[in-house]
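>
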Amino acid sequence: MSNAQAELIRQSFVTHVDENRLMDCMRCGFCLPACPTYIHSDYDETQSPRGRIALMKAVRDGVVEWDGSIEEAFDLCLGCRACEPACPAGVQYGTLIEETREAVLSVKSLSLKEKAVRKGAFDHLFADQRKMKTAVKLVTFYQKSGLQKVVRKVGFMELFPPFMKDMEKSLPTPPKKRREQLPPTEKKTTVAFFSGCLMDTIFQETNRNTIDLLNLLGCEVIIPKGQQCCGALQGHSGEMERARRNAKVNLEAFDLDGIDYIVNNAGGCGAFLSEYDRLFDRDTELHVLARRFVEKQIDISSLLVKLGIVEELLKQPKTEATEIVTYQDSCHLRNVNRVKDEPRDMLKAVSNSLFVELPDAHLCCGSAGVYNLLQPEMASRILGSKMEEVKRIQATTIITTNPGCLLQMKVGVEREGLSGATRAMHVVDFIHEKLMGSNGGK
Ligand code: SF4
Ligand code: SF4
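Counting with my numbering, you get residues 38 to 479 for the letters of the sequence shown.
(1) Should Tyr75 be counted as a contact of ligand 1 given a C-beta to heavy atom distance under 7 Å?
(2) Is Val128 close to ligand 2? I mean its beta-carbon at under 7 Å from any heavy atom of the ligand.
(3) CA-CA distance, Pro413 and Gly272?
(4) Closer than 8 Å is the cut-off here; do at least three beta carbon pairs connect the segment 103 to 123 with the segment 250 to 260?
(5) Using three-state DSSP, classify Asn40 as helix, strand or coil.
(6) Decide if Leu384 is buried, meaning its Cβ has at least 16 other Cβ atoms within 10 Å, or exposed.
(7) In the DSSP assignment, find the unbroken alpha helix (DSSP H) run with Thr247 in it and report its ends.
(8) Assuming Val342 and Glu379 make a contact with CB atoms under 8 Å, what is their CB distance in whole Å?
(9) Assuming Arg64 is part of the beta strand (DSSP E), what are its boundary residues?
(10) Does the separation of the CB atoms of Gly441 and Gly305 fall below 8 Å?
(11) I'd like to confirm the pairing. Which residues does DSSP put opposite Met462 in its beta bridges?
(12) May I ask whether a heavy atom of ligand 1 can be found less than 7 Å away from the beta carbon of Cys72?
(13) Count the CB pairs spanning the segment 294 to 313 and the segment 367 to 376 that are closer than 8 Å, and state whether there are at least three.
(14) Do the segment 429 to 444 and the segment 455 to 471 make contact, defined as three or more Cβ pairs closer than 8 Å?
(15) Within a Cβ cutoff of 7 Å, which residues of the same chain sit near Val144, ignoring the five residues on either side of it in sequence?
(16) Just mark Met93 as buried or exposed, buried being the case when its beta carbon has 16 or more other beta carbons within 10 Å.
(17) Ligand 2 and Phe317: does any heavy atom of the ligand fall closer than 7 Å to the residue's C-beta?
(18) Within its chain, find whatever has a CB closer than 6 Å to the CB of Val286; leave out the 5 residues flanking it on each side and keep chain order.
(19) Taking the beta strand (DSSP E) that Ala119 belongs to, which residues open and close that run?
(20) Taking 7 Å as the cut-off, is the beta-carbon of Met63 closer than that to any non-hydrogen atom of ligand 2?
(21) Should Glu261 be counted as a contact of ligand 2 given a C-beta to heavy atom distance under 7 Å?
(22) Provide the residue(s) that pair with Ser390 in DSSP beta bridges, ordered along the chain.
(23) Taking Ala140 and Val258 to be in contact with their CB atoms under 8 Å, please state how far apart those CB atoms are, rounded to whole angstroms.
(24) How would you call Lys471, buried or exposed, if buried means at least 16 neighbouring beta carbons within 10 angstroms?
(25) Quick one: what's Tyr298 bridged to in DSSP?
(26) So, with DSSP's three-state summary, where would you put Ile90?
(27) Is there at least one non-hydrogen atom of ligand 2 closer than 7 Å to the beta-carbon of Ala123?
(28) Apply the 10 Å Cβ neighbour rule to Thr359 and answer buried if 16 or more other Cβ atoms are within range, or exposed otherwise.
(29) Using the C-alpha atoms, what's the distance from Thr238 back to His399?
(30) Since Ser390 and Val362 should fall inside the 8 Å C-beta cutoff, what is the C-beta to C-beta distance between them, to a whole number of angstroms?
(31) Look at the Cβ atom of Thr243, then the Cβ atom of Leu344, and state whether they are nearer than 8 Å.
(32) Report the CB separation of Phe231 from Val300 in whole angstroms; it is logged as a contact under 8 Å.
(33) Under DSSP, the beta strand (DSSP E) around Val258 begins and ends at which residues?
(34) If you pair each beta-carbon of the segment 90 to 107 with each one of the segment 399 to 409, do three or more pairs fall below 8 Å?
(35) How close, in whole Å, do the beta carbons of Ile90 and Leu59 come, if the pair is a contact with beta carbons under 8 Å?
(36) Which residues in the same chain have their Cβ closer than 6 Å to the Cβ of Pro261, if we skip the five residues on either side of it in sequence?
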């Protein structure tokens with residue numbers, strides 16, 4: 038690398054990566070045992086939070102020369118933020134890795150393919166819900182027209198990497214017939230629902246079940262028009278400007294009077310929504326709007342528990358347990374929003390199932406947005422050890438609270454040949470099944 042290129046990268050780090058945030062790290066190493074990439078890379082320091090922070094600082098100070106191994110260390114970070122709750126110094130690692138990715142992206146020459154993928158995904162698919170719906174209609178046509186059977190029969194999927202093959206088998210099939218939404222009971226609370234891009238397309242039935250459960254607990258549910266993808270995927274990929282554009286659209290869509298809560302049912306989106314205020318400069322109009330938005334943010338498990346779902350579940354007649362249920366945390370729900378008990382409290386209150394804690398449920402499943410597509414080897418290693426634990430506790434139902442984790446669990450079930458014995462479900466679908474008898478979105 039020429040001196041000019043090295044200086045360009047260093048300057049980009051100086052511009053984007055906050056030095057004070059880096060200096061917060063006192064190098065104690067308490068975060069190391071919480072980091073999945075550190076664990077799954079034979080305890081390689083460069084694959085740990087402390088190692089990555091040291092690399093960020095070294096690049097910024099110009100004391101190491103940028104090379105492929107440094108870029109790989111940043112790329113291999115899941116962005117799961119498990120290092121944050123473990124850190125006694127309150128290091129904002131999530132912000133640091135986003136700043137780092139923005140610094141790299143702003144000087145990196147992307148290949149034509151990378152540019153096309155980013156443009157297609159971020160300027161079209163995740164920027165316009167109509168385009169997302171069209172894409173899902175194509176997938177539905179593929180599943181329902183018989184094309185999927187033909188593709189599998191002629192072995193076309195063999196041309197794809199193993200992870201893509203498993204993903205193709207694990208995509209949820211849309212319900213045959215849309216059922217009627219259950220009517221609301223007496224209104225006590227008004228909730229604006231962030232319906233999400235994936236949740237509102239691939240997992241539409243989960244969204245309908247979410248509204249049913251909220252209605253049951255006395256909520257009027259409003260779905261603000263014009264809302265779009267939260268921007269998390271963009272933000273986590275270093276595309277902060279694109280993330281800000283999506284956030285601005287959502288802030289305007291949810292700027293409504295008379296709302297008690299803004300609820301979401303996707304852990305990853307919820308974490309990004311709950312930090313919208315950090316995307317905008319203090320004292321700007323958008324920052325004020327974002328503060329109001331953030332104060333009303335809540336995830337579906339916390340809201341259901343707050344409104345009395347556990348009491349509703351406990352009213353069900355006690356019967357013998359027919360399944361072993363376990364729970365895989367959504368990293369961002371747990372590490373950013375610090376929600377870990379509420380989903381478990383609901384699962385423990387279900388009358389005809391036995392809740393068994395999944396060992397290391399707090400460690401990422403390897404999904405991490407599009408990490409499983411970009412870093413299939415590490416994602417596969419992480420998923421492999423997760424499924425070993427699922428088998429060890431003989432779980433028949435794996436519950437998650439995020440679409441990416443749910444798809445990853447479905448891939449794991451498929452890959453391990455467990456599809457007859459084990460199912461993966463969103464917590465909302467499971468609770469809906471237990472209280473209202475449907476299993477939509479399974
Ligand atoms: S975000 Fe996750 S993968 Fe990245 S350093 Fe922190 S714990 Fe490790
Ligand atoms: S726990 Fe916090 S302060 Fe300690 S090494 Fe990790 S990031 Fe740095």
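Don't be surprised by glycine CBs; every beta carbon is placed ideally from N, CA and C.
The short version:
(1) Position 38 of the sequence shown, counted from the first residue, corresponds to residue 75. Within the cutoff, so yes.
(2) Here the question's residue 128 lines up with position 91 in the sequence shown. Indeed, a heavy atom of ligand 2 lies less than 7 Å from the Cβ.
(3) As a first step, residue 413 must be located in the sequence shown, where it is residue number 376. As a first step, residue 272 must be located in the sequence shown, where it is residue number 235. The alpha-carbon atoms of Pro413 and Gly272 are separated by roughly 21 Å.
(4) At 8 Å Cβ cutoff, the stretches do not touch.
(5) To locate residue 40, count along the sequence shown from 1; it is residue 3. Residue state, collapsed to three classes: helix.
(6) In the sequence shown, residue 384 corresponds to position 347, counting from 1. Of the other Cβ atoms in all chains shown, 16 or more fall within 10 Å of the Cβ of Leu384; this residue is therefore buried.
(7) Here residue 247 refers to the residue found at position 210 when the sequence shown is read from its first residue. Note, Thr247: alpha helix (DSSP H), Gln241 to Leu253.
(8) By 1-based counting over the sequence shown, the position of residue 342 is 305. By 1-based counting over the sequence shown, the position of residue 379 is 342. About 5 Å separates the beta carbons of Val342 and Glu379, which is inside the 8 Å limit, making them a contact pair.
(9) Position 27 of the sequence shown, counted from the start, is the residue given in the question as residue 64. Where Arg64 is concerned, there is no enclosing beta strand (DSSP E), because DSSP gives it neither an H nor an E.
(10) Working through the sequence shown from its first residue, we reach residue 441 at position 404. Working through the sequence shown from its first residue, we reach residue 305 at position 268. By the CB criterion at 8 Å, Gly441 and Gly305 fall inside the cutoff.
(11) Here residue 462 corresponds to residue number 425 of the sequence shown, with the count starting at 1. Answer is Ile436.
(12) In the sequence shown, residue 72 corresponds to position 35, counting from 1. At least one heavy atom of ligand 1 lies closer than 7 Å to the C-beta of Cys72.
(13) The segment 294 to 313 makes contact with the segment 367 to 376, as at least three CB pairs between them are under 8 Å.
(14) Touching, per the Cβ criterion.
(15) As a position in the sequence shown, residue 144 is number 107, starting the count at 1. Closer than 7 Å at the Cβ level, and outside the excluded window around Val144, lie Leu45, Ile46 and Ser49.
(16) Along the sequence shown, read from residue 1 onward, the residue named residue 93 stands at position 56. Buried.
(17) As a working mapping, residue 317 is identified with position 280 in the sequence shown. Outside the cutoff, so no.
(18) Counting from 1 along the sequence shown, the entry for residue 286 is found at position 249. Hits under 6 Å: Gln265.
(19) Here residue 119 corresponds to residue number 82 of the sequence shown, with the count starting at 1. Annotation for Ala119: no beta strand (DSSP E) segment contains it, and DSSP assigns it neither H nor E.
(20) The residue you call residue 63 lines up with position 26 of the sequence shown. Distances taken from the Cβ of Met63 to the heavy atoms of ligand 2 include one shorter than 7 Å.
(21) For the purposes of this step, residue 261 is identified with residue 224 of the sequence shown, where counting begins at 1. Residue identity check: residue 261 is Pro in the sequence provided, not Glu. Proximity of the beta carbon of Pro261 to ligand 2 is not indicated: no heavy atom of the ligand is located closer than 7 Å.
(22) To locate residue 390, count along the sequence shown from 1; it is residue 353. According to DSSP, Ser390 bridges with Glu360.
(23) One-based indexing of the sequence shown puts residue 140 at position 103. One-based indexing of the sequence shown puts residue 258 at position 221. Not confirmed; about 41 Å, so no contact.
(24) What you label residue 471 is simply residue 434 of the sequence shown in a count that begins at 1. With 16 or more neighbouring CB atoms inside 10 Å of its own CB, Lys471 falls in the buried class.
(25) The sequence position of residue 298 within the sequence shown is 261, counting from 1. According to DSSP, which records beta bridges pairwise, Tyr298 is partnered with Val228.
(26) One-based indexing of the sequence shown puts residue 90 at position 53. Of the three classes helix, strand and coil, the one that applies to Ile90 here is helix, per DSSP.
(27) Taking the sequence shown and counting its residues from 1, one reaches residue 123 at position 86. Closer than 7 Å to some heavy atom of ligand 2: that describes the Cβ of Ala123.
(28) As a position in the sequence shown, residue 359 is number 322, starting the count at 1. Looking at its Cβ environment, which holds fewer than 16 other Cβ atoms inside 10 Å, Thr359 is exposed.
(29) Here residue 399 corresponds to residue number 362 of the sequence shown, with the count starting at 1. Here residue 238 corresponds to residue number 201 of the sequence shown, with the count starting at 1. Going from the Cα of His399 to the Cα of Thr238 covers about 27 Å.
(30) Along the sequence shown, one-based indexing puts residue 390 at 353. Along the sequence shown, one-based indexing puts residue 362 at 325. Yes, they are in contact, since the Cβ atoms of Ser390 and Val362 sit about 5 Å apart, within 8 Å.
(31) Sequence index remark: in the sequence shown, residue 243 carries index 206 (1-based). Sequence index remark: in the sequence shown, residue 344 carries index 307 (1-based). No; because the gap between Cβ atoms is not below 8 Å, this pair is not in contact.
(32) As a working note, residue 231 is residue 194 in the sequence shown. As a working note, residue 300 is residue 263 in the sequence shown. At roughly 7 Å, the Cβ-Cβ gap stays under 8 Å, so Phe231 and Val300 are in contact.
(33) Locating residue 258 in the sequence shown gives position 221, counting from the first residue. Element bounds for Val258: Cys256 to Ile259.
(34) Because the criterion of three Cβ pairs below 8 Å is not met, the segment 90 to 107 and the segment 399 to 409 do not touch.
(35) As a first step, residue 90 must be located in the sequence shown, where it is residue number 53. As a first step, residue 59 must be located in the sequence shown, where it is residue number 22. That pair is a contact at about 6 Å.
(36) Within the sequence shown, the letter at position 224 stands for residue 261. Ala229, Ala290 and Phe291, listed in sequence order.
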